[in-house]
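Participant:
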Amino acid sequence: MIRGKGNKDRMVLLSRAAIEAMEKYEAGRKALSQEKSKAAASQKKTDTAESPWLFPSNSKEGHLPRQVFARDLKDIAIRAGLTASAVSPHVLRHAFASHLLQNGADLRAVQELLGHSDISTTQIYTHVLEERLQELVQTHHPLAKQGKNLD
Numbered sequence: 022m023i024r025g026k027g028n029k030d031r032m033v034l035l036s037r038a039a040i041e042a043m044e045k046y047e048a049g050r051k052a053l054s055q056e057k058s059k060a061a062a063s064q065k066k067t068d069t070a071e072s073p074w075l076f077p078s079n080s081k082e083g084h085l086p087r088q089v090f091a092r093d094l095k096d097i098a099i100r101a102g103l104t105a106s107a108v109s110p111h112v113l114r115h116a117f118a119s120h121l122l123q124n125g126a127d128l129r130a131v132q133e134l135l136g137h138s139d140i141s142t143t144q145i146y147t148h149v150l151e152e153r154l155q156e157l158v159q160t161h162h163p164l165a166k167q168g169k170n171l172d
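Using our numbering, you'd call the opening residue of the sequence shown number 22 and step up by one each time.
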């Protein structure tokens, strides 16, 4: 579960590979945090080793602020040779939704995954390629199927 915009909780489905990567990250983060806990105690900083957050922070909220995540994402983009302005949390979210829809996901399922209360908000992500629409018509329309049998 994650807590998103507007303090809404929603389920996030992860692949086995993503879960394994998160588990490795969590183990490494906890080990590093425990090493730093002695220094934190002397500097009166919060020990984040037992934080419930995936990305803990010494911020008042206890987790990495979204602005810091956005800044770090841009830094990673630059190091990867990408234009910083072309990468943002919103761009990742848009790509996620677009890829799901382009690969046959149901609009209602995408709405649920994104946490949209109104389906019209999700419809913004339906920039389906013309080729994909053409493929759907050729594959699923009865007259298109009938035309194939005439050849």
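A virtual CB, placed ideally from N, CA and C, is assigned to each residue, including glycine.
Quick check: SER132 and ILE145, are their CB atoms within less than 8 Å of each other?
Facilitator: As a first step, residue 132 must be located in the sequence shown, where it is residue number 111. As a first step, residue 145 must be located in the sequence shown, where it is residue number 124. Just to set this straight, residue 132 is Gln in the shown sequence, not Ser. No.
Participant: So THR147 and LEU122 are in contact, right, with Cβ under 8 Å, and what is the actual spacing, rounded?
Facilitator: Residue 147 sits at position 126 when you count from the first residue of the sequence shown. Residue 122 sits at position 101 when you count from the first residue of the sequence shown. With a Cβ gap of about 6 Å, THR147 and LEU122 count as contacting.
Participant: For the alpha helix (DSSP H) that VAL112 lies in, which residues bound it at each end?
Facilitator: Along the sequence shown, one-based indexing puts residue 112 at 91. Note, VAL112: alpha helix (DSSP H), 110 to 123.
Participant: Based on the DSSP output, what are the partners of ASP30 in its beta bridges?
Facilitator: Within the sequence shown, numbered from 1, the residue matching residue 30 stands at position 9. ASP30 is bridged to ARG24.
Participant: By the three-class DSSP mapping on this structure, what secondary structure does HIS84 have?
Facilitator: Counting from one through the sequence shown, the residue named residue 84 turns up at place 63. Residue state, collapsed to three classes: strand.
Participant: According to DSSP, simplified to helix, strand and coil, what is PRO77?
Facilitator: Along the sequence shown, read from residue 1 onward, the residue named residue 77 stands at position 56. Strand at PRO77.
Participant: Specify whether the segment 42 to 54 and the segment 66 to 86 touch according to this definition: at least 3 beta carbon pairs, one from each stretch, less than 8 Å apart.
Facilitator: In short, these stretches touch, since the Cβ pair count reaches three.
Participant: Between ALA105 and ILE99, which are expected to be in contact by the criterion C-beta below 8 Å, what is the C-beta distance as a whole number of angstroms?
Facilitator: Walking along the sequence shown from the start, residue 105 turns up at place 84. Walking along the sequence shown from the start, residue 99 turns up at place 78. With a Cβ gap of about 5 Å, ALA105 and ILE99 count as contacting.
Participant: So what does DSSP say about ALA101, is it helix, strand or coil?
Facilitator: Here residue 101 corresponds to residue number 80 of the sequence shown, with the count starting at 1. ALA101: coil per DSSP, three-state reduction.
Participant: Please classify ASP139: does DSSP put it in a helix, a strand, or coil?
Facilitator: In the sequence shown, counting from the first residue as 1, residue 139 sits at position 118. In this structure, ASP139 counts as coil in the three-state DSSP scheme.
Participant: Let's test the definition: count the other Cβ atoms within 10 Å of the Cβ of ALA107 and tell me whether it reaches 16, buried, or not, exposed.
Facilitator: Sequence index remark: in the sequence shown, residue 107 carries index 86 (1-based). Per the 10 Å Cβ criterion, exposed.
Participant: Hey, would you say SER109 sits closer than 8 Å to LEU94, going by beta carbons?
Facilitator: On the sequence shown, position 88 is the one that residue 109 refers to. On the sequence shown, position 73 is the one that residue 94 refers to. In this structure, LEU94 lies closer than 8 Å to SER109 by Cβ.
Participant: Have a look at SER138, ILE97, ALA101 and THR142 and flag the residue whose alpha-carbon is nearest the alpha-carbon of HIS115.
Facilitator: Taking the first residue of the sequence shown as position 1, residue 115 is located at position 94. Closest option to HIS115, Cα to Cα, is THR142.
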